[in-house]
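Input: a single structure, listed below in structure tokens.
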Amino acid sequence: MTTLNRQIVLASRPQGEATAANFRLQEVPVPELQEGQVCVRHHYLSLDPYMRGRMNESKSYAQPQPLDEVMIGGTVGEVVASRHPKFSVGDAVVGMGGWQEYSVVDATIPGMLRKVDTRQIPISHYLGAVGMPGVTAWYGLVKIIAPQAGETVTVSAASGAVGSAYGALAKARGCRVVGIAGGAEKCDYVVRELGFDACIDYRAHADYLSLAKALKQACPNGIDGHFENVGGMVLDAVMLRTNAFARIAMCGMIAGYDGAPLPMANPALILVNRMKIEGFIVSEHMAVWPEALQELGGLVASGKLRPRETIAQGLASAPEAFLGLLKGRNFGKQLVKLI
Ligand SMILES: NC(=O)c1ccc[n+]([C@@H]2O[C@H](COP(=O)([O-])OP(=O)(O)OC[C@H]3O[C@@H](n4cnc5c(N)ncnc54)[C@H](OP(=O)(O)O)[C@@H]3O)[C@@H](O)[C@H]2O)c1
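Numbering (our numbering), first residue to last: 1 to 339.
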């Protein structure tokens, strides 16, 4: 009997803000398996900010998402059929299955599908803290900021998938960790649940000078390292509080993903404070993934990192959940539960 697969494809490119009309739901049969292929039934689909950049035609570090093709995305699920000797029915796996209920994967290509151990770590965390977002936090902190114990480090979008992992990793290195997040509820969670030393609600500040004042209180010794996820006012405020030889890991600029310009208020501070500012893309640093995943898995398994998730139900909810992520409506890692 043919199994039907529901998929969401990119129907059109956004003009300015992305909308639900840019996506289309379609139904197609799951194809017959060829030798070396594995069929995965997805349990969770990951929604990530980078997907917004790929919806545009313009060239970036990643190729644009082709029109009328399944939206790209990380997935976890179980093998339901296999014609590859290393994968058996029932195996829990992580891959890039996209916005659909099933994927057929050529498992002979290295890195396409990875088995995961769900005995101590829930499968969904392999899309968040013990997956790409966690490794992103690890790379920026360990390889770019490289903090010493006792230094003060900060992060924007602190309650999110990347930000929450960053906090646990920085605490494990003996840093003072200060988050910046949108709203009192998120800030409360960042301090109480994630163990940050302080968290500042940027929405309570009308401009970057006011936010910088609050940062001065939370970071009495200045800022030695910063991990930027947002850009704009948040980055401007942090720049004012940086110490000499501060390091900034440029991870994301979500405040500008829908096209808003993000001018920098005081670029001269880069020189004045002899700062190192380095952008990075986590998928270009595959060599560090095993080490990073091992540390992150240990933090989750030991309860030192308790990541929060926002879970939308069913494939059809993915576009609205994704648009919400771009507006900060998610609280922690944004997922879509498919079964
Ligand atoms: N360089 C890389 O390789 C790489 C890899 C993964 C992720 N990233 C980047 O890392 C960042 C965080 O990703 P994530 O997956 O952990 O997402 P996330 O933090 O779980 O969710 C995004 C968060 O960004 C904040 N946000 C959304 N729109 C905003 C706006 N217009 N202005 C200010 N803040 C806004 C919201 O938090 P608040 O409510 O707290 O503002 C929202 O919850 C993103 O910029 C992403 O592109 C980069």
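Cβ coordinates follow ideal geometry from the N, Cα and C atoms, glycine included. These numbers come from a predicted model, not from an experiment.
Of the choices MET233, LEU25, ALA137, whose alpha-carbon is the least far from that of ALA292?
ALA137
Closer than 7 angstroms: is that where the CB of CYS251 sits relative to any heavy atom of ligand 1?
yes
In the DSSP assignment, what are the bridge partners of GLU5?
Looking at the sequence shown, residue 5 is not Glu but Asn. Its beta-bridge partners are VAL28.
Let me know if TYR189 comes out buried or exposed under the rule of 16 or more other beta-carbons within 10 Å of its beta-carbon.
buried
Find out if the Cβ-Cβ distance for the pair PHE23, PRO267 is shorter than 8 angstroms.
no
SER159 versus LEU215 - alpha carbon distance
17 angstroms
Going by beta carbon distance, what residues of the same chain come within less than 7 angstroms of ILE277, once the five residues before and after it are set aside?
ILE248, MET250, ILE270
By Cβ distance below 8 angstroms, which residues in the same chain neighbour ARG308 in space, the five residues on each side in sequence not counted?
SER159, SER164, TYR189, GLU193, PHE331, GLY332, LYS333
What does a CB cutoff of less than 7 angstroms around MET132 pick up in its chain, not counting 5 residues either side in sequence?
GLY74, VAL282
Answer yes if the region 224–241 comes into contact with the region 147–156, meaning at least three C-beta pairs across the two stretches below 8 angstroms, and no otherwise.
yes
Local Cβ density within 10 Å of MET286, reported as buried at 16 or more and exposed below that
exposed
First and last residue of the alpha helix (DSSP H) that includes MET132?
132–138
Using only the heavy atoms of ligand 1, determine whether one of them is closer than 7 angstroms to the beta carbon of LYS143.
no
Is the Cβ-Cβ distance between ASP91 and VAL9 less than 8 angstroms?
no
ALA312 versus LEU335: straight-line alpha-carbon distance, rounded
6 angstroms
Using only the heavy atoms of ligand 1, determine whether one of them is closer than 7 angstroms to the beta carbon of MET96.
no
So, at 6 angstroms on beta carbons, what are the nonlocal neighbours of LEU299 in its own chain, with the 5 sequence-adjacent residues on each side left out?
ALA168, LEU305
So, TYR139 versus PHE280, is the Cβ gap smaller than 8 angstroms?
yes
Determine the direct distance from the alpha carbon of ALA184 to that of LEU33, and round the result to whole angstroms.
50 angstroms
Assign MET38 to buried or exposed, taking buried as 16 or more other Cβ atoms, counted over all protein chains shown, within 10 Å of its Cβ.
The amino acid occupying residue 38 in the given sequence is Val; Met does not appear at that position. It counts as buried.
Would you check whether ligand 1 has a heavy atom nearer than 7 angstroms to the C-beta of ASN221?
no
Between which residues of its own chain and GLY16 is the CB-CB distance below 8 angstroms, once the five residues before and five after are set aside?
ASP258, GLY259
Is there contact between the region 226–246 and the region 200–208, where contact requires at least three CB pairs shorter than 8 angstroms?
yes
Can we count ALA181 as close to ligand 1, meaning its CB is less than 7 angstroms from some heavy atom?
yes
Going by alpha carbons, who is nearest to VAL30 out of ALA21, ALA20, HIS42, GLY53?
HIS42
Quick check on this structure: which residue in ILE123, ASN273, GLN294, LEU326 has the alpha carbon closest to the alpha carbon of VAL93?
ILE123
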